[in-house]
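In our numbering, the protein residues as written are 4 to 363.
Cβ atoms here follow ideal geometry from the backbone N, Cα and C, with glycine treated the same way.
All values derive from a computational prediction rather than experimental measurement.
Below is one structure, written out as structure tokens; the observations come after it.
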Amino acid sequence: MSQILSVASRAVRGKTGSRYEDLDGPNKGSSDGGRRGSNEGGDTMQGQELEMNSVSIVPDDTFTVGQAVNAFGFGKFQAKLSLFTGLCWMADSMEMTILSILSPALHCEWQITRYQQALTTTIVFMGMMLSSTFWGYVSDRYGRKQALTLCAVLLFYYGILSSLAPSYTWILFLRGLVGFAIGCVPQSVTLYAEFLPSKQRAKCVVLLDCFWALGACFEVLLALIVMPTLGWKWLLALSTAPLLAFACICPWLPESARFHVASGQPEKALATLRTIAADNGKPMLLGRLVVDDNTVGEHRGRVRDLLSVQLRTTSLLLWYIWTVCAFCYYGVVLMTTELLKPPIPDVRKRPCQVQGCLNQ
Numbered sequence: 004m005s006q007i008l009s010v011a012s013r014a015v016r017g018k019t020g021s022r023y024e025d026l027d028g029p030n031k032g033s034s035d036g037g038r039r040g041s042n043e044g045g046d047t048m049q050g051q052e053l054e055m056n057s058v059s060i061v062p063d064d065t066f067t068v069g070q071a072v073n074a075f076g077f078g079k080f081q082a083k084l085s086l087f088t089g090l091c092w093m094a095d096s097m098e099m100t101i102l103s104i105l106s107p108a109l110h111c112e113w114q115i116t117r118y119q120q121a122l123t124t125t126i127v128f129m130g131m132m133l134s135s136t137f138w139g140y141v142s143d144r145y146g147r148k149q150a151l152t153l154c155a156v157l158l159f160y161y162g163i164l165s166s167l168a169p170s171y172t173w174i175l176f177l178r179g180l181v182g183f184a185i186g187c188v189p190q191s192v193t194l195y196a197e198f199l200p201s202k203q204r205a206k207c208v209v210l211l212d213c214f215w216a217l218g219a220c221f222e223v224l225l226a227l228i229v230m231p232t233l234g235w236k237w238l239l240a241l242s243t244a245p246l247l248a249f250a251c252i253c254p255w256l257p258e259s260a261r262f263h264v265a266s267g268q269p270e271k272a273l274a275t276l277r278t279i280a281a282d283n284g285k286p287m288l289l290g291r292l293v294v295d296d297n298t299v300g301e302h303r304g305r306v307r308d309l310l311s312v313q314l315r316t317t318s319l320l321l322w323y324i325w326t327v328c329a330f331c332y333y334g335v336v337l338m339t340t341e342l343l344k345p346p347i348p349d350v351r352k353r354p355c356q357v358q359g360c361l362n363q
């Protein structure tokens with residue numbers, strides 16, 4: 004009986020992984036150790052199975068800004084943002100359309116040459132070209148809202164100063180600064196697109212062209228009313244009215260939730276998402292907000308990323324398409340004032356027929 008109990012005791016100790024295997028001798032200890040290792044391996048396998056089962060059973064409690072925006076859909080929040088962004092786009096259109104009106108007016112009043120007329124327009128585009136990278140960096144580092152607010156204030160300020168310019172040199176300098184500020188206006192579309200659901204994004208961004216067309220038409224009507232009586236200086240001053248309105252509503256613009264997440268400010272991003280949910284009448288998503296891309300920390304706002312392997316082809320194609328579209332569009336816009344103008348052999352000796360027609 005004692006032998007049976009001894010064998011049973013050793014079997015139990017070996018099965019449960021007891022630490023008393025040295026009492027049974029070296030052979031027994033090695034045997035029991037092998038059994039214990041086998042049992043521990045089995046426990047590990049069971050633990051892995053339990054972990055895998057827990058991962059598959061428990062739902063993912065994280066969400067991204069894009070998933071939240073898609074869940075909230077297009078509603079009151081996006082409608083208000085459409086009007087705000089459209090106002091900025093309309094103001095930009097007015098500042099660009101006025102180029103085709105300003106140059107002939109300066110030619111009539113100050114008798115500038117055709118080369119100087121062309122330079123009046125070119126200086127604006129040079130300012131835009133030189134400032135676009137700068138404004139992109141500012142927007143990625145400090146936020147779209149901050150950049151747009153500064154842009155609106157500068158545009159209004161330089162627009163008013165342009166209307167007070169006493170000479171051609173001053174108008175050239177100030178219009179160059181206007182072009183520098185205009186380089187930030189496309190950030191309004193970036194801010195707008197980041198709050199749009201993926202299903203409506205393309206359609207809504209394209210519809211912003213309606214505000215551009217509205218701004219161009221409004222500028223032409225304003226010129227027809229103001230130019231014959233008050234002149235180009237008043238036209239420049241009154242054309243800044245939409246910029247002043249946009250600068251006043253900038254404090255109510257929402258900051259990009261994507262920017263807040265990428266810059267390590269998830270609390271502010273969640274506050275913005277709660278505002279969207281409340282305005283659209285949708286429940287706020289439950290879970291933890293996470294970043295949905297790699298634009299975090301020092302990797303934000305780098306121009307060289309546009310020429311990375313993943314983005315090089317897309318960047319080059321977009322640059323080419325944008326260049327061709329700008330060449331065609333502004334070529335037509337700036338040519339409209341020359342279409343119906345009669346040829347004048349010597350512009351310095353002949354009276355300004357355009358100004359005379361407007362004053363009749």
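A direct Cα-Cα distance of roughly 26 Å separates residue 289 from residue 146. Residue pairing by DSSP puts residue 292 in a beta bridge opposite 66. In the DSSP assignment, residue 277 falls within the alpha helix (DSSP H) that extends over 269 to 283.
Under the DSSP assignment, residue 248 falls in the alpha helix (DSSP H) whose first and last residues are 244 to 252. For the pair residue 85 and residue 114, the Cα-to-Cα distance works out to about 43 Å. With respect to residue 188, residue 95 sits close: the two C-beta atoms are nearer than 8 Å. In the DSSP assignment, residue 305 falls outside any alpha helix (DSSP H), carrying neither H nor E. The beta carbon of residue 259 is closer than 6 Å to those of 147, 194 and 197 in its chain, skipping five residues each way along the sequence. The region 237 to 251 makes contact with the region 153 to 162: 3 or more CB pairs, one atom from each, lie closer than 8 Å. In the pairwise beta carbon analysis, the region 268 to 287 is classified as touching the region 69 to 88: at least three pairs are separated by under 8 Å. Straight-line spacing of the CA atoms in residue 224 and residue 107 works out to 17 Å.
Apart from the 5 residues on each side of it in sequence, residue 142 sits with its Cβ closer than 6 Å to the Cβ of 150 and 190 in its chain, given in chain order.
If you compare the alpha carbons of 64, 179, 322 and 122 with that of residue 157, the shortest gap goes to 179.
Residue 253 and residue 90 have their C-alpha atoms roughly 11 Å apart. Bounds of any alpha helix (DSSP H) do not take in residue 168, whose DSSP letter is neither H nor E. With a cut-off of 8 Å on Cβ pairs, the region 227 to 242 is in contact with the region 165 to 178, counting three or more such pairs. If you look at residue 104, you'll find it in the alpha helix (DSSP H) that goes 102 to 113. Cβ atoms of residue 257 and residue 263 stay farther apart than 8 Å, at about 10 Å. With respect to the 8 Å criterion, residue 130 and residue 176 are not classified as neighbours on the basis of their beta carbons.
For the options 218, 132, 207 and 76, the alpha carbon positioned closest to that of residue 93 is the one of 218.
Residue 213 carries a helical assignment under DSSP once its states are collapsed to helix, strand and coil. In this chain, residue 76 is not harboured by any alpha helix (DSSP H), its DSSP state being neither H nor E. Comparing alpha-carbon positions, the option among 101, 116 and 154 lying closest to residue 229 turns out to be 101. Rounded to the nearest angstrom, the gap between the Cα atoms of residue 266 and residue 139 is 15 Å.
Using a 10 angstroms sphere on the CB of residue 123, the tally of other CB atoms reaches 16 or more, which defines it as buried.
Counting only the Cα atoms, residue 112 lies some 43 Å from residue 207. By alpha-carbon distance to residue 231, the top candidate from 104, 74 and 71 is 104. In terms of Cβ geometry, residue 292 and residue 272 form a close pair [threshold 8 Å]. Residue 328 has its alpha-carbon roughly 29 Å from the corresponding atom of residue 235. Between residue 315 and residue 68, the gap from beta carbon to beta carbon reaches 8 Å or more.
One alpha carbon belongs to residue 226, the other to residue 98, and they sit about 12 Å apart.
Here residue 187 carries a coil assignment [DSSP, helix/strand/coil]. Pairing residue 127 with residue 181 gives a Cβ-Cβ distance under 8 Å. For the pair residue 306 and residue 136, the CB atoms are nearer than the 8 Å cut-off. The continuous alpha helix (DSSP H) containing residue 236 extends over residues 235 to 241.
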